[in-house]
Amino acid sequence: MTESRPEIASNLPTRYAPAEVEGALYERWVERGYFTADVNSDKTPYTIVLPPPNVTGSLHIGHALGHTLMDALIRRRRMQGFEVLWLPGMDHAGISTQTLVERHIGETEGKSKHDYAREEFVAKVWAWKEEYGGKILGQMRRLGDGVDWTRERFTMDEGLSAAVRTIFKRLYDDNLIYRAERIINWCPRCLTALSDIEVDHSDDDGELISIRYGEGDASVVVATTRAETMLGDTAVAVHPDDDRYAHLVGQTVTLPLTNRRIPIVADDHVDPTFGTGAVKVTPAHDPNDFEIGRRHGLPSLVIMNERAIITAPGPFQGLDRLEARSAVVGALREEGRIVSEKRPYVHAVGHCSRCNTVIEPRLSLQWFVRVETLAKSAADAVRDGRVAIEPPTLAARYFDWVDNMHDWCISRQLWWGHRIPVWYSPDDDMECFGPGEAPPAGWTQDPDVLDTWFSSALFPFSTLGWPDETADLKRFYPNDVLVTGYDILFFWVVRMMMFGLYAMDDVPFRTVVLHGLIRDQSGKKMSKSRGNVVDPLDWIDAYGADAVRFTMARGANPGTDVPVGEEWVQGSRNFCNKLWNATRFALLNGATVSGELPTELPDADRWILSRLQAVITEVDALYERYEFAKIADLLYHFAWDEVCDWYVELVKISLASDTAPATRRVLGEVFDALLRLLHPMVPFVTEALWTSLTGGESVVVAPWPVADPSRADAGAERAVAAIQAVVTDVRRFRSDQGVKPSQRVPARLSGLSAGEAEIRSLVRLDVAGSDFAPTASLMTAGGVTVELDLSAAIDVAAERARLAKELAAARKERDVNAAKLGNEAFTGKAPDAVVAKVRDRLAAADSDIARIDAALTALPDA
RNA sequence: GGGCGCUUAGCUCAGCGGGAGAGCACUCGGCUUACACCCGAGCGGUCACUGGUUCGAUCCCAGUAGCGCCCACCA
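Take any residue in the first sequence, count from 1 to its spot, add 1154: that is its number in our numbering.
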């Protein structure tokens, strides 16, 4: 025999205890295969790939935001009957993983990477990954992420590695990947090249030193922030039209400290208005100078090694670049060559985004992706609407980037990553070999690995089996939505666009949903140094996953940062608890969920059903616009203000009368729908409640509510609005008069067309008996008069004061609206609807004034 | 150096051409049998400033001030 619903309810505690239900519910969902996509179903597919977290990472608050939004989209689509795939994966995260394992080896074995052969070290990284990596996957379960665990991928797994090699080979054969000696961003600590976007610029204090090169009439003064690089100067450049130096172009000057003679060249790049208009040229250590050098056939003199230690022979050899800087300035000063020194001189300096070390522009042989055509197609796909960016305002940033992209340096001098699939012959020939292809014996593979973002750029299709023509690939590509923070737009989104369009000849996804960054409760960026970082797991432990999720959703206005604080999570927890208890109420009162809705229903029931339809329609519209914050807000207020504060209270009357069965059915209907509407954002509490309420299998696979316009009921909405108006007035009166909420007061109501029982119940007004002696008469909105028999005399002064305030407001309202209507320009030009509204408002104000006047007159003298 | 955005209640933010909103905080009153993680009532804003457009501006335009973000190879 099955338990009756009220019995179930009586077993529910009065507080929702998330920790007791979440884990079991999640495992049940996974076991039942709810999250596993069926490639063979006839449903419409809906795909999102999870931005792969670093294998070294753990769930931080930013993940909690993104994952909540994705899970909400995914869960709603599943309920709507789509074949949903949310594919999880992890990123091997080249530099950070390698650094972490190096440190790990240092701490546990007292050894460094160089104590191992490359293969041994890489094996150690894999071992580390097996033991400690992927911590985040378990944490995602805590959050409730409904990802398809059967399809989990890793950027270094066999399939994705084959995809990397395949696309590399194609790009190489198409001459879109090339190897060249260029000035690249070099981190002297990580000892690897970096792409432009892995460099963060900041305004740092430096120095601007002006140095005189050459002697007498043939001398020029150059200014530099990097005096030490003068050791590698191979020219001085001036602007071709600069008359001051015209006579020197083609001449040579002696470079101080070295006695080398270097030419003076004319180049358009030089800004004659800056400094002295003459520039020292160090082709091996500055990207601009490199270009100047190339244009004028200047030699590149490398004066530093990979650790930024001076290698140029002489007194500075062996010094670090910073030590060398002051040493060079000192030496120049001794020779009397310093014309001026400006300190501090604030200028932009690039830093390694990983370790914050100052970047050293370095001349070296690296691999690059030729981005011009790829970037063009990525830009076009957004321009012509094949891919939408939400919010659209952020598209400008996207274009700004793709329209001005430089070639992408993809080689990294690391051991952990996808090794560049190019081999060199003993004669230095090179050739790229695709997957399954073997280089001839004796050839050696390029030692470098690829930028981590190279493999993540393939994620939307490599995870589905590409380059094989798999069923998954056919069915789930393109993805529908990509959800990520706007800070990842350049790193990842643009590159997925480029590679997706190149490899698949189709966009990787149709919509890019960009959310903001999490900030603390005062709007500050979270950072370790500020000490304001929060661990979402702590909040999940304390308040439940749903509370964390709802907080995230509630803050997620498109593209804008999301401030969060613990008290906000508490608020969300409170909301979950409210749902819990309201649903308990429904259960305790025998709410039913099956069978047709009765046609004869009390006003309150018809009202809430009417409101429900409007809410469903609005929630759907908001989901289409990815307005998560507004969805959360709408459902919060519908659930709390309308369902709990009014409907549940109103319904108590019906439940005690012969309309109870009909009301029980509506009660069930409303909570059934409400829980389904909330499920995508707060999956656990809704699952626990919905299965109790309905006896259904799981809300995860329950159908998404569909609005029924035939239940819209303006009459019921008016009737309940009238009740609310009277109730609110009486409550205010009682409160002002200091009448205890529990105190029942005899009262007589007149002028009411319906809802007397409800009003009496809500504001504890007893039916007037034979000894009824009203001491107060309340004229409330809508022409309803409530006479009350208060045992004590009322506080006339308080009531008079309140009425006076109300009267002033009503008079102001009347004057404002009357003035508008008296203005012919307004009545002539404003839309009819607006004029009508103002007319209504004026009428309402007039009747309010009359009502309040009467009330004031009726008050006894103080 | 370029570009973008923001400035609305004590705090964090919605609203973006026709009656100033929410959450939290605050004040007052309540254990009213779903919930004190609650209920009811209330206080609180010349919508940064200055002009302009409009019958009407928090909302559109211009300028000013302050704040923030992104991009950037002027030594």
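Just so you know, even glycine gets a beta-carbon here, dropped at the ideal spot from N, CA and C.
Here the structure is a predicted model, which means the values were calculated and not measured.
| Query | Result |
| --- | --- |
| Hey, THR1934 and LEU1944 are a contact pair by Cβ (cut 8 Å); roughly how many whole angstroms apart? | That belief does not hold up - the Cβ atoms of THR1934 and LEU1944 are roughly 16 Å apart, past 8 Å. |
| Check whether the Cβ atoms of LEU1906 and ARG1954 sit closer than 9 Å, and answer yes or no. | no |
| Are GLU1495 and LEU1362 touching if we call contact CB-CB under 9 Å? | yes |
| Between MET1155 and the rest of its own chain, which residues show a CB-CB distance below 7 Å, the 5 nearest in sequence each way excluded? | With a pLDDT of only 34 at MET1155, under 50, the local geometry of the prediction cannot be trusted, and the value read off the model is given with reservation. Excluding residues within five positions, none has a Cβ falling inside 7 Å. |
| Report yes if the CB atom of LEU1828 is closer than 9 Å to the CB atom of PHE1782, and no otherwise. | no |
| The alpha helix (DSSP H) with LEU1959 in it runs from where to where? | The question names Leu, yet the displayed sequence has Lys at residue 1959. Unbroken alpha helix (DSSP H) run through LYS1959: 1950 to 1976. |
| Within 10 angstroms of its Cβ, does ARG1448 collect 16 or more other Cβ (buried), or is it exposed? | exposed |
| Counting along the chain, where does the beta strand (DSSP E) carrying ILE1338 start and finish? | 1331 to 1341 |
| In the structure shown, what three-state DSSP assignment does TYR1326 receive? | helix |
| Quick check on this structure: which residue in ASP1196, ARG1508, GLY1370, PRO1207 has the alpha carbon closest to the alpha carbon of LYS1289? | PRO1207 |
| Could you tell me the distance, in whole angstroms, from the CA atom of THR1412 to the CA atom of ASP1359? | 28 Å |
| In this structure, does DSSP put GLY1288 in helix, strand or coil? | coil |
| If you draw a straight line from the C-alpha of VAL1940 to the C-alpha of VAL1874, how long is it? | 17 Å |
| List the residues that DSSP assigns as beta-bridge partners of CYS1730. | Answer is none; CYS1730 lacks a bridge partner. |
| Can LEU1942 and ALA1987 be called in contact, C-beta distance under 9 Å? | no |
| With a Cβ-Cβ cutoff of 9 Å, do ILE1762 and LEU1831 count as a contact? | no |
| In this structure, does DSSP put MET1559 in helix, strand or coil? | coil |
| Just the C-alpha distance for ALA1990 and LEU1691, rounded to the nearest angstrom, thanks. | 55 Å |
| Where does ASP1980 fall in DSSP's three states? | In the sequence as presented, Asp is not what sits at residue 1980; that position holds Phe. Correct three-state label for PHE1980: helix. |
| For TRP1761, does the three-state DSSP call read helix, strand or coil? | helix |
| I'd like to check one pair, ARG1649 with GLN1520: are the Cβ atoms closer than 9 Å? | no |
| May I have a chain-ordered list of the beta strand (DSSP E) segments no shorter than 3 residues that lie completely inside the region 1368 to 1430? | 1374 to 1378, 1389 to 1392, 1406 to 1409, 1414 to 1420 |
| DSSP on LEU1476, reduced to helix/strand/coil? | helix |
| Since VAL1839 contacts CYS1730 with CB under 8 Å, what's their CB separation in whole angstroms? | 5 Å |
| Rounded to the nearest angstrom, what separates TRP1693 and VAL1702 at their Cα positions? | 7 Å |
| Have a look at ASN1971, PHE1980, ARG1319, VAL1893 and flag the residue whose alpha-carbon is nearest the alpha-carbon of ILE1948. | VAL1893 |
| Smallest Cα separation from ARG1566: which of ILE1249, THR1190, ARG1415? | ILE1249 |
| For ARG1819, count the other beta carbons within 10 Å of its own beta carbon; 16 or more makes it buried, fewer makes it exposed. Which is it? | buried |
| For TRP1282, which residues from the same chain have a beta carbon less than 7 Å from its beta carbon, with the 5 sequence-adjacent residues on both sides left out? | VAL1255, HIS1258 |
| Which of helix, strand or coil does DSSP assign to CYS1344? | coil |
| If you scan the region 1762 to 1836 from start to end, which runs of the alpha helix (DSSP H) of 4 or more residues do you find wholly inside it? | 1782 to 1791, 1803 to 1809, 1814 to 1832 |
| Candidates GLY1243, ARG1708, ILE1215: which alpha carbon is nearest LEU1314's? | GLY1243 |
| Tell me which same chain residues have a C-beta within less than 7 Å of the C-beta of ASP1557, skipping the five on either side of it? | ALA1533 |
| Let me know if ARG1272 comes out buried or exposed under the rule of 16 or more other beta-carbons within 10 Å of its beta-carbon. | exposed |
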